[in-house]
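Remarks on the structure that follows.
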Amino acid sequence: MGFKFQGFDFIQFDSLLSEDERLIRDQTRGFIEQNLIPIIEQCNREGRFPRELVRPMGELGFYGATLDGYGCSGISNVEYGLLTQELERGDSGIRSFVSVQSALVMYPIYAFGSEKQKEFWLPKLATGEKLGCFGLTEPDFGSNPGGMRTRARRDRDGYLLNGEKMWITSGSVADVAVIWAKLEDEEAEIRGFLVETDRPGFSATDIHGKWSLRASVTSGLSLQDVRIPAESILPTSGGLKSPLMCLSQARYGISWGAIGAAMSCYDAALQYAQQRKQFRNQPIASHQLVQEKLAWMLTEITKGQLLALQVGRLKDRGKAQFQHISMAKRNNVWMALECARMARDILGATGITDDYPVMRHMMNLESVKTYEGTHDIHTLILGQSATGISAF
Amino acid sequence: MKILVCIKQVPQKDAPLKLNEAGTWIREDVSYEVNEPDAYALEEALRQKEKHGGEVVVITAGPTRSQQVLREALAKGADRAIHLEDDRFGALESTNTARAIAAAIEGEKFDLVVTGLQSDDYGAAQTGVLLAEILGWPHATIIIGIEKTDSGVHLKRELEAGHYQFIDMPLPAVLTIQSGINKLRYATLIGIKQAKMKPMRKVSYGEVEAKLSKNLQRIERLYVPVKQKKTEMLEGTPPEVAKKLVEHLRNTVRVI
Chain X
1 MGFKFQGFDF IQFDSLLSED ERLIRDQTRG FIEQNLIPII EQCNREGRFP RELVRPMGEL
61 GFYGATLDGY GCSGISNVEY GLLTQELERG DSGIRSFVSV QSALVMYPIY AFGSEKQKEF
121 WLPKLATGEK LGCFGLTEPD FGSNPGGMRT RARRDRDGYL LNGEKMWITS GSVADVAVIW
181 AKLEDEEAEI RGFLVETDRP GFSATDIHGK WSLRASVTSG LSLQDVRIPA ESILPTSGGL
241 KSPLMCLSQA RYGISWGAIG AAMSCYDAAL QYAQQRKQFR NQPIASHQLV QEKLAWMLTE
301 ITKGQLLALQ VGRLKDRGKA QFQHISMAKR NNVWMALECA RMARDILGAT GITDDYPVMR
361 HMMNLESVKT YEGTHDIHTL ILGQSATGIS AF
Chain R
393 MKILVCIKQV PQKDAPLKLN EAGTWIREDV SYEVNEPDAY ALEEALRQKE KHGGEVVVIT
453 AGPTRSQQVL REALAKGADR AIHLEDDRFG ALESTNTARA IAAAIEGEKF DLVVTGLQSD
513 DYGAAQTGVL LAEILGWPHA TIIIGIEKTD SGVHLKRELE AGHYQFIDMP LPAVLTIQSG
573 INKLRYATLI GIKQAKMKPM RKVSYGEVEA KLSKNLQRIE RLYVPVKQKK TEMLEGTPPE
633 VAKKLVEHLR NTVRVI
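Sequence lines, in order, name chains X and R. Position 366, counted from 1, in the first sequence is what the working numbering calls 366; the numbers after and before it change by one each time, with no gaps. If you count the second sequence from 1, you need to add 392 to reach the working numbering.
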């Protein structure tokens, strides 16, 4: 099945990394190579989330890895980026699961939660004993989350939640959902709530028939008069800015993850092209048109690495702005999808089968291009940043 | 048990191999990793420590970049590290590497020294055995099982053709470990972060130079085998061709 990954380092990129950064990348690569690569194509065929990897990844400290304390690893943003790169070299679905658990569930609890919420949830989420999901997107509001219809009404000692959420990664496997809803008062401010998924009125239904992210769970959530205590609100959350801060965290991870998927496609295409013979008994790697594709991938992946690394270094210094992250997410996911398509070309008919990871990555990346801010929305963010004029 | 693990940094197995200009060794700008049998030796040492207590110390000899294998070992749970740090250590033959290691651990009282049975690059399978000789300790090679006993260790060795040998040995001793003896662990992220706080002793070339002698071996030339396709047509009547074919298979190709 496929080829063993040979690594990717064209311009001595590794020399820009610290020992710890390389070690985290290599350990994660080894874990994925041994535990995910052998089963991923079957998971993808069956549309099965490899739940058996949840606890082993927790033991290694993959969840909420950038957070300090509460059983979290406290690694840097660049280290976290390299981790997501390796996860997504395996599969975007697995990376999505880790991203959601980390950036969209643990991060908001860490950033906006009470001490009691942090102490209760973070250690359990860090080990994978408990899983979480993030409910922002709704059936009618994706790119414009500010239009959300989910409401929280003050009721007796707590809140009553009503609404629908859609395209929720890990929805039906989660123990806790971070639900974003508008308070039913004059200001109608968006607030975050921690909702245990076994509360009456809460239900999750998986979305079937996906051609993408088949190894991760995607659900719709329904909240019908879900009663939660007052202490379930994330106390310092306030306004659309709060969920957008979470998305910024997740998008940053995606900008690295996409590099991993691209590396996997490039590596498969390169090894295939060196082996596959066609005219005059020569490998197809000897043809100019094939070389042009490989050279394009090699160059674009390298550029993507440098972009993600610089944004990561800025983030570690507290200097990364959301438009920087938008650029990295937009460029690297687009680049990875182009690599997947080119790699599929090089693999010819074989490229459409799951003997090679290429088509799986391609289908996954179609989701990655859309979620966490679509390609076009990130274009508008960059446009606004450049011109000072909003074009939404 | 106080255990020393000798670990070597080698070029990554799966990375494309690049040779240096002189054609005498692999280029510096390839990716490196822990020599695979050494990784199993480390894992075995960590398991022995978890069972019986004690200390695991890791040692390597090589340039600055080889410190990475010690960091990885510390991240996985080794207690401290010794780095014989100099580019010249990388060019030593097995005898001198063993001498350098012996010199660096003088005064330490180890119960056990473990290392991989051979390196993935030179593949000489000598360093562990020679180290035992220099230390004046017994040794056993190709170990696939270690059990601590009251008088030393009970060992399982892998022999040819699916045979095993069981032996008892006193301690201290040197063992060379076969790959696959156990299941390797991965370093946890917290382990990697904490590894920086663990002690790492540097040993310079000058400190051990007196114990070394001139290398007796030298690599003349290293090359990637060139694929040659030679087709030879055997001519004659069918019985003659058959006879020539059998001769070829028997004497040239030696398959019958």
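Glycine included, C-beta positions come from ideal geometry on N, C-alpha and C. From a predicted model like this one, the values you see are computed outputs, not experimental measurements.
Contact check for Asp-471 (chain R) against Val-505 (chain R) fails: the beta carbons are separated by 8 angstroms or more. By the rule that beta-carbons nearer than 8 angstroms mark a contact, Lys-4 (chain X) touches chain R.
For chain X, the residues of the stretch 445 to 479 of chain R that bring a beta carbon within less than 8 angstroms of one of its beta carbons are Gln-459, Gln-460, Arg-463, Glu-464 and Ala-467, in chain order.
At least 8 angstroms separates the beta-carbon of Ser-264 (chain X) from that of Phe-97 (chain X).
DSSP places Asn-162 (chain X) in no alpha helix (DSSP H) but in the uninterrupted beta strand (DSSP E) bounded by 158 to 169. Among the residues of the stretch 61 to 73 of chain X, those with a Cβ less than 8 angstroms away from any Cβ of chain R are Gly-61, Phe-62, Ala-65 and Ser-73, in the order of the chain. The three-state secondary structure of Val-505 (chain R), taken from DSSP, is strand. In chain order, Ile-190 and Leu-240 place their CB closer than 8 angstroms to the CB of Gly-146 (chain X), counting only its own chain and leaving out the 5 sequence neighbours on each side.
Between the alpha carbons of Ala-261 (chain X) and Leu-409 (chain R) lies a gap of roughly 24 angstroms. Chain-ordered listing is empty here: chain R has no CB closer than 8 angstroms to the CB of Phe-134 (chain X), the nearest sitting near 22 angstroms. Note: Asp-198 (chain X) is not bridge-paired with any residue in the DSSP secondary-structure output.
In the structure shown, Lys-619 (chain R) adopts coil according to DSSP, grouped into three states. The residues Val-506, Ala-532 and Ile-535, in chain order, have a CB closer than 6 angstroms to that of Leu-567 (chain R) in the same chain once the five nearest residues on each side in sequence are set aside. Across the set R:Glu-413, R:Ile-418, R:Val-618 and R:Ile-582, the C-alpha of R:Ile-582 shows the shortest separation from the C-alpha of Leu-466 (chain R). The beta strand (DSSP E) runs of length 3 or more contained entirely in the stretch 559 to 598 of chain R are, from start to end of the chain, 565 to 569 and 592 to 595. A residue is called buried when at least 16 other Cβ atoms come within 10 angstroms of its Cβ; Thr-66 (chain X) meets this threshold and is buried. For Asp-406 (chain R), the nearest beta carbon of chain X is closer than 8 angstroms to its own beta carbon. Across the stretch 417 to 446 of chain R, CB contacts with chain X closer than 8 angstroms involve Asp-421, Ser-423 and Glu-425, in sequence order along the chain.
Taking the beta carbon of Asp-9 (chain X) as reference, the chain R residues within 8 angstroms of it are Ser-423, listed in sequence order. For Tyr-578 (chain R), the nearest beta carbon of chain X is closer than 8 angstroms to its own beta carbon.
For Gln-12 (chain X), the residues of chain R that pass the 9 angstroms Cβ criterion are Asp-421, in the order they occur in the chain. Counting C-beta pairs with one atom in each stretch, the stretch 6 to 14 of chain X and the stretch 421 to 432 of chain R have three or more that are closer than 8 angstroms, which means they touch.
For Arg-29 (chain X), there is no enclosing beta strand (DSSP E); the residue is part of the alpha helix (DSSP H) that begins and ends at 19 to 35. From the beta-carbon of Phe-97 (chain X), no residue of chain R is found nearer than 8 angstroms; the closest lies around 17 angstroms away.
In the structure shown, Pro-145 (chain X) adopts helical secondary structure according to DSSP, grouped into three states. Within the same chain, and ignoring the five residues on either side of Trp-211 (chain X) in sequence, the residues whose Cβ sits closer than 7 angstroms to its Cβ are Met-363. In this structure Asn-44 (chain X) is in contact with Ala-215 (chain X), their Cβ atoms being roughly 5 angstroms apart against a cut-off of 8 angstroms.
In this structure, the beta-carbon distance from Gly-128 (chain X) to Lys-585 (chain R) does not fall below 8 angstroms. Restricting attention to alpha helix (DSSP H) runs no shorter than 4 residues, the stretch 270 to 335 of chain X encloses them at 288 to 316, ordered along the chain. Around the CB of Arg-330 (chain X), 16 or more other CB atoms lie within 10 Å, so the residue is classed as buried.
A contact is defined here as three or more CB-CB pairs under 8 angstroms, and the stretch 517 to 528 of chain R meets this definition with respect to the stretch 470 to 489 of chain R.
For Ile-24 (chain X), the nearest beta carbon of chain R is closer than 8 angstroms to its own beta carbon. Contact check between the stretch 152 to 168 of chain X and the stretch 219 to 227 of chain X: three or more CB pairs, one atom from each, fall below 8 angstroms, which counts as touching. Per DSSP, Leu-608 (chain R) lies in no alpha helix (DSSP H) segment and is marked neither H nor E.
Look at the stretch 579 to 590 of chain R: the residues with a C-beta under 9 angstroms from a C-beta of chain X are Ala-579, Thr-580, Leu-581, Ile-582, Gly-583, Ile-584, Lys-585, Ala-587 and Lys-588. Listed by position along chain R, the residues whose Cβ is nearer than 8 angstroms to that of Glu-59 (chain X) are Thr-580.
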